[in-house]
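I have placed the structure first, in the form of structure tokens, so that the comments after it can refer back to it.
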Amino acid sequence: MSKKVLLVSILLIFLFMTFGCGGGEPSAGDENNITVEVYNNTDEIIISWAAFFGPDLDEWGEDLLGDRVIEPGDTVKFLLPVANEEYSLVLFTYELYVVKSVSGISSDTYVEVGGDNKLPVLVENNSAKDIALFFISPSVSNDWGEDLIGGLDVIPAEIGRRFLFIDPVPEGPVESNGSGNKDDSRPENEDNGAETEEREIPEGSYYDIYYIYADGEEVVQFDVLIEGKRTITINE
Numbered sequence: 036m037s038k039k040v041l042l043v044s045i046l047l048i049f050l051f052m053t054f055g056c057g058g059g060e061p062s063a064g065d066e067n068n069i070t071v072e073v074y075n076n077t078d079e080i081i082i083s084w085a086a087f088f089g090p091d092l093d094e095w096g097e098d099l100l101g102d103r104v105i106e107p108g109d110t111v112k113f114l115l116p117v118a119n120e121e122y123s124l125v126l127f128t129y130e131l132y133v134v135k136s137v138s139g140i141s142s143d144t145y146v147e148v149g150g151d152n153k154l155p156v157l158v159e160n161n162s163a164k165d166i167a168l169f170f171i172s173p174s175v176s177n178d179w180g181e182d183l184i185g186g187l188d189v190i191p192a193e194i195g196r197r198f199l200f201i202d203p204v205p206e207g208p209v210e211s212n213g214s215g216n217k218d219d220s221r222p223e224n225e226d227n228g229a230e231t232e233e234r235e236i237p238e239g240s241y242y243d244i245y246y247i248y249a250d251g252e253e254v255v256q257f258d259v260l261i262e263g264k265r266t267i268t269i270n271e
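As numbered in this note's numbering, residues 36 to 271 make up the sequence shown, in order.
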């Protein structure tokens with residue numbers, strides 16, 4: 036499959052989805068234009084495609100980056116005409132891995148990719164089902180944290196490749212913040228149906244993973260080593 040065909044396939048999926056919001060602080064603009072400011076706050080990811088959807092744009096999305104790229108640490112501003120309809124944006128790497136998707140753009144919007152100390156993790160969905168929710172949390176924490184996809188977006192089946200940004204494993208004890216307690220997700224013992232005993236957490240870059248397919252099926256994995264290339268492959 037060529038990259039052009041793959042891009043069209045991915046954009047087709049996003050075209051019929053409602054993207055998770057990712058905008059933030061607005062920057063100054065004028066009354067006739069909307070300014071979309073994209074800041075690449077990563078150390079290693081290069082953004083090569085900025086596909087915008089909206090009024091007076093190609094129905095399959097238009098790449099407004101052209102021959103440019105957004106290098107780590109760089110900021111690029113896009114100007115869009117004010118319209119009665121909202122715009123959406125999907126950012127890709129050169130390999131067509133999704134970096135971020137943003138919806139509901141109707142005014143000046145600030146989009147940050149990554150974040151201070153955030154680690155990029157590439158999720159490869161080789162399964163036959165879309166993934167709707169994805170949580171990755173350090174094993175030393177008892178909270179799942181927030182859904183890293185955004186709640187309204189998906190990682191498409193078979194072709195889905197998306198970067199998620201996770202917190203590094205903290206040093207020392209972690210206090211619970213009460214969100215998404217992992218005790219509610221721990222698998223039961225197959226022999227007697229009782230909850231598993233308190234586990235011994237290994238030292239190192241170990242994370243717990245919890246994702247939910249679009250059909251509602253849930254998968255939980257504990258103590259997954261994520262380091263080096265930092266790739267999670269979903270094959271089931």
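Just so it is clear, CB atoms sit at the ideal spot from N, CA and C, and this is done for glycine as well.
{"Item": "Pro116 bridges to which residues according to DSSP?", "Value": "Asn68"}
{"Item": "Comparing alpha-carbon positions, which option in Ala192, Ile184, Glu147 lies nearest Tyr74?", "Value": "Glu147"}
{"Item": "If you reduce the DSSP assignment to three classes, tell me which class Glu60 lands in.", "Value": "Low per-residue confidence applies at Glu60: pLDDT is 45, beneath 50, and the placement is therefore not dependable, though the value from the model is reported in the following sentence. Three-state DSSP puts Glu60 in coil, outside helix and strand."}
{"Item": "Which residue's Cα is closest to the Cα of Ile261: Phe88, Phe200, Glu66, Leu99?", "Value": "Phe200"}
{"Item": "Entirely within the stretch 100-168 and at least 3 residues each: give me those beta strand (DSSP E) ranges in chain order.", "Value": "110-116, 122-127, 133-140, 144-149, 154-160"}
{"Item": "Answer with buried or exposed for Trp95, where buried requires no fewer than 16 other C-beta atoms within 10 angstroms of its C-beta.", "Value": "exposed"}
{"Item": "Using only the alpha-carbon positions, how far apart do Asp151 and Asn76 sit?", "Value": "7 Å"}
{"Item": "Quick one, which of Glu193, Glu253, Asp258 has its alpha-carbon nearest Tyr132's?", "Value": "Glu193"}
{"Item": "Please report the distance separating the alpha-carbon of Ile80 from that of Glu106.", "Value": "7 Å"}
{"Item": "Decide if Val259 is buried, meaning its Cβ has at least 16 other Cβ atoms within 10 Å, or exposed.", "Value": "exposed"}
{"Item": "Expressed to the nearest angstrom, what Euclidean distance is found between the alpha-carbon atoms of Val125 and Ile69?", "Value": "17 Å"}
{"Item": "Can you tell me which of the three DSSP states Gly213 falls into?", "Value": "Low confidence applies to Gly213: its pLDDT is 46, below 50, so where it sits in the model is not reliable enough to give any reading."}
{"Item": "What would DSSP say about Trp84, mapped onto helix, strand or coil?", "Value": "strand"}
{"Item": "Check the C-beta distance from Thr266 over to Glu159 and give it rounded, since I have them as a contact under 8 Å.", "Value": "6 Å"}
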